[in-house]
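Numbering (our numbering), first residue to last: 15 to 153. Where is the CB? At the ideal position from N, CA and C, for every residue including glycine. In this text, all values refer to a predicted model and were calculated from it rather than measured experimentally.
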């Protein structure tokens, strides 16, 4: 199976050359460390050779774009907005998750992308936010 190089040498080494296409890979950082720049670098590297979909549920897509630029990245990414509905904000995003507290909706959107696009990279930022939202919904 083909690998997607992250361009982060230690991470590529741990993943035996990169993220395996068609796999589910969880990248996390220890509490207190910000793992987001790693995700930005992965998205930036992958966007040069394939379609990247970035599901953002902890801040606005525009905020993520600005953060990426501040790290020197300018990837071509399709943002899926799972944030605006949480905070009641208007969005101009064409890819929107209406109920970000519903993991089934997110899974269905991802399944649709995988069926339509060959070998997409789908990033969920952040899994911990999704877990928190799901726990709140089920409490």
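- In this structure the segment 44-55 touches the segment 79-88; the number of beta carbon pairs closer than 8 Å is three or more.
- Judged by pairs of C-beta atoms under 8 Å, the segment 85-100 touches the segment 63-76, as three or more such pairs exist.
- 35 is the residue among 141, 146, 142 and 35 whose C-alpha sits nearest the C-alpha of residue 17.
- Residue pairing by DSSP places residue 93 opposite 68 in a beta bridge.
- Contact check between the segment 139-150 and the segment 114-127: three or more CB pairs, one atom from each, fall below 8 Å, which counts as touching.
- Residues 134 and 136 of the same chain have their beta carbon placed closer than 8 Å to that of residue 128, with the five preceding and five following residues left out of the count.
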